[in-house]
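Okay, structure first, notes after.
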Amino acid sequence: EEEVERVLVSEHSWRPCPISRRRVRGCLQWVKRQLFRVGEDWYFLFILGVLMATISFTMDVIVTRLHLAHMWLYREIGDIGVLKYLSWTLYPMALAAFSTGFSQSITPHSGGSGIPELKTILMGVVLEDYLAIQNFGAKVVGLTCTLTCGSTVFLGKVGPYVHLSAMAAAYLGKMRTTVTREYENKFKQHEMLVAAQAVGVATVFGAPISGVLFSIEVMSPHFAVRDYWRGFFAATCGAFMFRLLAVFNSEQETIAALFKSDLRIDFPFDLLETFFFLILGIICGIVACAYLFCQRWLMVAVKKNRLTAKLLATDKPVYTVLVVLLLASITFPPGLGQFMASRLTMKEHLISLFDNRTWGSLVPNASGVVKPGGLWQEWDHSSATIYGTLTFFLIMKFWMLILATTLPLPAGYFMPIFIYGAAIGRLVGEVVALLFPRGLHSEGPPRPIIPAGYALAGAAAFSGSVTHAVSTALLVCEATGHLGHILPTVLAVLVANAISQKNQPSFYDGTIIVKKLPYLPPIRSRHIASYQVVVEEFMERQVVALAKGDGFQEVLVALDASADAEYPVVESTGSPTLVGTVSRSQLVTFLQNHEHPQTPQGEKLATVGTLGDDCTIEPIMLQFSPWTSLHQAYHLFQLLKLQRIFVTCSGELVGAVSRAEVK
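Just so we're on the same page, my numbering is the position in the sequence shown counted from 1, plus 3.
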């Protein structure tokens with residue numbers, strides 16, 4: 004008895020104070036009920052915004068310090084040309100190679116932007132392991148190394164950061180099911196992913212409003228208004244935290260715009276300048292069409308070329324090193340880089356292009372002493388004017404940006420085209436200021452042209468036309484804190500979008516086409532004839548169907564004939580009235596539980612049964628008529644995330660339409 008008592012005491016010795024523990028557990032349950040009384044969505048969206056803002060700011064700090072280390076090494080190495088060249092090229096080569104090798108060794112989903120795949124997921128297509136949390140670390144490390152390469156590679160972080168936000172949102176969604184002890188809900192998952200899109204953009208630019216609008220335009224062909232507040236709340240939390248951390252880090256005295264500008268507000272632009280903003284929109288639209296075409300062509304060419312295809316299949320880091328070596332050699336400051344302001348970081352590129360001063364009037368008076376805030380002097384060269392350096396920058400960066408998009412490393416492509424558009428606008432603004440030094444009105448007080456306003460409009464117009472988004476006009480205003488040029492900026496964006504959307508798919512849709520992802524491309528034609536195309540013209544007419552009275556043999560033939568996930572069930576062979584569908588898994592179970600008609604008597608498993616008696620036939624909730632238009636079918640597939648739908652005429656099955664037929 005003493006031994007048994009000793010065993011009982013030892014078993015319960017690790018759980019002391021059972022009454023106190025029950026009270027504490029009860030108090031925690033009461034606190035959880037009180038907190039979740041207003042809804043658990045608020046807390047998880049807040050956590051998502053704050054978490055992604057913290058990671059974004061930490062990543063920026065690390066990238067800045069690593070870039071400063073690179074610049075210190077380049078300066079301290081002396082005037083020996085070979086050593087300076089090696090320090091300029093080997094540093095980004097090593098980082099890019101590590102980014103590619105590390106991220107690709109953990110997961111093949113870490114390369115590229117991530118937005119095309121996320122668009123596909125939001126359309127209802129399942130991409131295995133794409134949002135797995137184990138990919139998060141690989142993408143963060145790889146993206147940090149990519150950004151540290153700086154203006155040599157000229158890549159950004161918007162796309163990958165949207166992907167990171169989506170992975171964090173998917174993980175938080177699983178945590179919510181654990182905390183609330185509810186079943187996993189696909190609608191809840193979708194709501195968190197929608198909020199994650201806005202958080203990804205807002206925590207990069209510190210712009211919550213345009214972050215939500217841009218994510219809606221780029222990611223969602225159809226948007227549920229009930230998700231609107233989720234995106235705004237999470238994006239606001241993320242943007243506020245992102246800018247608050249800058250104050251805590253003594254980078255700013257208060258919360259301000261990321262690319263703060265000092266543009267004049269009292270008279271930002273003359274009414275007649277609207278004509279030049281219109282021309283700027285046309286130029287951005289034409290250049291965007293050329294950019295999209297060449298980028299898509301190069302992506303296909305790299306995959307078809309025997310050498311590059313082999314390198315991308317077996318030795319991705321080697322391909323990365325070769326491309327980065329070419330880009331770094333061109334941007335080497337004592338070489339061609341001196342005409343491209345290659346010593347500036349990507350943020351400094353934007354700050355210099357948004358400079359309030361007119362460079363054309365500063366150059367004749369410029370001295371050899373660098374003035375405070377004189378980043379514009381990087382664009383000035385003794386053997387070339389600022390017009391020449393801006394033109395050379397645009398020509399070289401056009402194909403360099405396209406080449407950089409083929410690199411198999413985590414990278415974003417929005418910031419490069421944003422800067423490229425700002426350079427287009429700056430060049431147009433400087434030319435207009437050169438032609439009209441006193442402004443467009445020769446009489447009265449001089450009202451000089453402000454080239455920085457054209458840079459704002461150019462950044463929004465070019466990036467908007469490449470991504471087929473209009474909200475970039477607001478993004479520019481939020482990122483710079485300047486609203487004086489909002490109307491001409493919107494005009495330029497609309498004109499550029501009208502040209503690009505008519506002639507080319509967006510950057511992300513083009514990537515989807517090249518990667519052959521299961522995504523429905525937008526209907527580009529708005530001609531009246533496209534509305535006359537009906538389902539009967541492209542539906543699949545040979546549909547494998549089963550009757551309610553079919554047995555073992557008919558089910559076996561149907562399963563061998565196609566690999567569909569579900570099969571239509573009709574009333575009978577002579578009366579093809581559609582009554583519902585049955586899943587493939589149920590048909591397999593039906594075969595396992597029933598006998599083949601030719602099975603020997605001693606080996607029979609069960610009695611003969613029919614499909615209608617032993618299988619659950621699901622009712623049809625939606626069906627097409629042969630005269631349903633293509634546009635109606637397309638919007639229903641997108642809105643309801645359909646995979647396949649049957650076509651009936653007077654209730655009788657006549658065909659089926661899947662995503663393949665619609666595409």
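Here a beta-carbon is modelled for each residue, glycine too, at the ideal position from N, C-alpha and C.
Since this is a predicted model, take the numbers as computed values, not measurements.
Check                                                                                                                       : Outcome
For residue 574, three-class secondary structure by DSSP                                                                    : coil
Residue environment, residue 25, which counts as buried when at least 16 other CB atoms sit within 10 Å                     : exposed
Outcome for residue 299 when other beta-carbon atoms lying within 10 angstroms are tallied against a minimum of 16          : buried
Residue 647 - DSSP class collapsed to helix/strand/coil                                                                     : strand
Straight-line gap, residue 394 to residue 214 (C-alpha atoms, nearest Å)                                                    : 31 angstroms
Validate contact between the stretch 494–506 and the stretch 275–289 using beta carbons, cut 8 angstroms, 3 pairs           : yes
Local Cβ density within 10 Å of residue 135, reported as buried at 16 or more and exposed below that                        : exposed
8 angstroms contact criterion, which residue 558 and residue 590 should meet: CB distance rounded                           : 5 angstroms
Member of 570, 424 and 196 whose CA lies at the smallest distance from the CA of residue 647                                : 570
Buried versus exposed, by CB contacts within 10 Å (16 or more), residue 120                                                 : buried
Endpoints, the alpha helix (DSSP H) within which residue 481 is located                                                     : 475–483
At least 3 beta-carbon pairs within less than 8 angstroms: the stretch 618–627 vs the stretch 503–522                       : no
Residue 433 in three-state terms, based on DSSP                                                                             : helix
Integer-rounded CB distance, given that residue 458 should sit under 8 angstroms from residue 425                           : 5 angstroms
CA-to-CA distance, residue 203 to residue 164, given in whole angstroms                                                     : 5 angstroms
Residues near residue 328 in its chain [Cβ-Cβ closer than 8 angstroms; skip 5 each side]                                    : 92 and 96
Extent of the continuous beta strand (DSSP E) run through residue 660                                                       : 655–661
Residue 414 at chain C interface by Cβ criterion, 8 angstroms                                                               : Here there is only one protein chain, and chain C is not present.
Paired residues, beta bridge with residue 580 - DSSP                                                                        : 655
The alpha helix (DSSP H) enclosing residue 630, as first and last residue numbers                                           : Run containing residue 630: none; DSSP gives neither H nor E here.
CA nearest to the CA of residue 579, picked from 657, 516, 414 and 109                                                      : 657
Nearest-angstrom Cβ-Cβ length linking residue 149 and residue 156, presumed shorter than 8 angstroms                        : 7 angstroms
Nearest to residue 455 (by Cα), restricted to the options 130, 416, 486 and 548                                             : 486
Buried/exposed call for residue 444, threshold 16 Cβ in 10 Å                                                                : exposed
Delimiting residues of the alpha helix (DSSP H) encompassing residue 512                                                    : 510–518
Sequence-distant residues of the same chain with beta carbon closer than 6 angstroms to residue 451, five excluded per side : 442
Classification of residue 319 by the beta-carbon crowding that lies within 10 angstroms, buried from 16 upward              : buried
Spatially closest choice to residue 585 from 596, 612, 550 and 464, by CA coordinates                                       : 550
DSSP-derived helix/strand/coil call for residue 413                                                                         : strand
Spatially closest choice to residue 219 from 666, 307, 246 and 125, by CA coordinates                                       : 125
Extent of the continuous alpha helix (DSSP H) to which residue 250 belongs                                                  : 231–251
Under the three-state DSSP convention, the category residue 549 falls into                                                  : strand
Residues near residue 312 in its chain [Cβ-Cβ closer than 8 angstroms; skip 5 each side]                                    : 305 and 306
Straight-line Cα distance separating residue 141 from residue 240                                                           : 25 angstroms
DSSP-derived helix/strand/coil call for residue 116                                                                         : coil
Of the residues 460, 440, 404 and 409, the one placed nearest residue 427, counting alpha carbons only                      : 460
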